Amino acid sequence: MLSYQHAYHAGNFADVHKHLTLFAVVDYLLRKESPITYFDTHAGRGRYPLAAEETRRLGEYRHGVAPLWRERAALGQESLLAAWLAALEAMQPEAVTLSHYPGSPAWLGHRLRPEDRLWLFELHPAEHRHLDDQPLPANAQRVHGDGLAGLLDRLPVATPRLCALIDPSYERKAEYREVADTLRAAMRKVRHAVMLVWYPLLPAGRHRELLEGVREGGLRKVWRSELRRHEPGAGEHGMYGSGMLVINPPWGLDERLAKAMAEVTPRLGPGSRYRSDWWVGE
Ligand code: SAM
22 MLSYQHAYHA GNFADVHKHL TLFAVVDYLL RKESPITYFD THAGRGRYPL
72 AAEETRRLGE YRHGVAPLWR ERAALGQESL LAAWLAALEA MQPEAVTLSH
122 YPGSPAWLGH RLRPEDRLWL FELHPAEHRH LDDQPLPANA QRVHGDGLAG
172 LLDRLPVATP RLCALIDPSY ERKAEYREVA DTLRAAMRKV RHAVMLVWYP
222 LLPAGRHREL LEGVREGGLR KVWRSELRRH EPGAGEHGMY GSGMLVINPP
272 WGLDERLAKA MAEVTPRLGP GSRYRSDWWV GE
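Counting with my numbering, you get residues 22 to 303 for the letters of the sequence shown.
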């Protein structure tokens, strides 16, 4: 039984970390002309009105995207963060007001070229109905089904390049292992694929199973980045940070994101820290 709804968390610090990383990767991929097949294995609703009751209830965007949005005029116009915020602005119904936070389908959909393809998977029936209502280009295909199986079923792809975002809710502990197994199987079929995997940093440290599974999987280049809101205190159970793995990251991603995150962290609060390293390889 699925109960997670991303609308409660839309635009929070983890979304900023995830979508900024995704934006940067796509930016690098678009420097070449050859077509790309994208997969978004856990798509969610696609777009989140900030006035929706669920999103207002926890108001997590107020400590995530909102302070960055407010200060966007002060950011260097050449920076990755400024480009990301300009894209965010272009996705608003009224440019000067932040009223909607785009989910990964929107971040991928708005840069899709006619020669590219996008597969969006969502298993939750109600979330999928929302996704179905989103305006997306014709070459974005929505599937009501399991994203990990859906990805493996469609490999290899017809385009020369492939990029996948794997962003589960980790409601089941087994998902950490399933994601590592899927990565291993997918990379065996498409060795040059660029894969992004999001994971939560919880005091229970469950993400270690994913990281170990990836290390044991024989993958060659795995880059890791983590954004922490604070260090977890005794007795704390909630998410204190956001992690991303990028398999086969584009050259230069590390430096570009580090610069963007140096602008992000001071705006998220005094305890915020960002770090990145090679988890496997390099
Ligand atoms: N990627 C989205 C974004 O960045 O905007 C957020 C996704 S949210 C963290 C995870 C989503 O995965 C939820 O909407 C959940 O219903 C869905 N989900 C859970 N298990 C799934 C599965 N096996 N296959 C596809 N979707 C699944």
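For each residue, glycine too, the CB sits at the ideal point set by N, CA and C. The structure displayed is predicted, hence computed values, not measured ones.
What does the alpha-carbon distance come out to for the pair residue i and residue j?
i    : j    : result
M304 : A170 : Only positions 22 to 303 of the chain appear in this structure, which leaves residue 304 out of reach.
P253 : P224 : 6 Å
V46  : A185 : 11 Å
L152 : L274 : 30 Å
A127 : A28  : 14 Å
E99  : L43  : 18 Å
H131 : F60  : 14 Å
M282 : V200 : 26 Å
L289 : P158 : 33 Å
E74  : Q26  : 12 Å
T203 : A103 : 34 Å
A64  : P181 : 23 Å
L79  : G124 : 17 Å
G97  : M22  : 45 Å
K53  : E257 : 45 Å
R245 : G234 : 14 Å
V243 : V211 : 15 Å
E237 : R294 : 28 Å
Y191 : Y197 : 7 Å
E303 : V267 : 13 Å
P156 : A179 : 25 Å
V86  : A72  : 15 Å
L322 : A195 : Here the chain comprises residues numbered 22 to 303, so residue 322 is not present and cannot be evaluated.
H84  : N269 : 31 Å
A95  : R150 : 38 Å
What does residue i pair with, by DSSP beta-bridge criteria?
i    : result
Y220 : G264
D61  : L141 and L186
V164 : F142
D298 : R245
P70  : H121
Leaving aside the five residues before and after residue i along the sequence, list all residues of the same chain whose C-beta is less than 6 Å from its C-beta, in chain order.
i    : result
W90  : L119
A214 : L183
S263 : A35, H38 and L248
E81  : H30 and N33
W219 : K39, D188 and M265
Y49  : P271
E110 : A116
H136 : It is Glu, not His, that sits at residue 136 in the sequence shown. If we look at E136 and ignore the five residues flanking it on each side, its Cβ neighbours are P56.
P88  : R288
Among the residues of its own chain, which have a CB less than 7 Å from the CB of residue i, if the five just before and after it don't count?
i    : result
L232 : W300
L173 : T203, A206 and A207
L51  : R132
Would a C-beta distance cut-off of 8 Å place residue i and residue j closer than the cut-off?
i    : j    : result
R138 : T58  : yes
R227 : E148 : no
R250 : G292 : yes
E143 : H121 : no
Q113 : W140 : no
M260 : L222 : yes
L41  : W105 : yes
Y69  : T62  : no
R101 : R209 : This sequence places Leu at residue 101; Arg is not what is there. Cβ atoms of L101 and R209: not closer than 8 Å.
Kindly say whether residue i, judged by its beta-carbon, lies nearer than 8 Å to any beta-carbon of chain C.
i    : result
Y220 : The chain inventory of the structure shown lacks chain C, comprising one protein chain alone.
Going along the chain, which residues of its own chain have a beta-carbon closer than 8 Å to the beta-carbon of residue i, five neighbours each way excluded?
i    : result
A279 : Y295 and S297
E92  : R288
S24  : E192
T286 : L248, S293, R294 and Y295
N160 : L133, P135, D137, R138 and L139
P146 : H165
D167 : F142 and L144
| message | Just to confirm the assignment: which complete alpha helix (DSSP H) runs, minimum length 4, are found wholly within the region 177 to 262? | response | Within the region 177 to 262, the complete alpha helix (DSSP H) runs of at least 4 residues are 195 to 210 and 228 to 237.
| said: What ranges does the alpha helix (DSSP H) occupy inside the region 81 to 113, keeping only unbroken runs of at least 4 residues that lie completely in it? | reply: For the region 81 to 113, whole alpha helix (DSSP H) runs of length 4 or above, ordered along the chain, are 86 to 91 and 101 to 111.
| request: Report the residue ranges of all beta strand (DSSP E) runs contained in full by the region 30 to 62; include only those spanning at least 3 residues, in chain order. | output: Those beta strand (DSSP E) runs which fall completely within the region 30 to 62 and span 3+ residues are 57 to 61.
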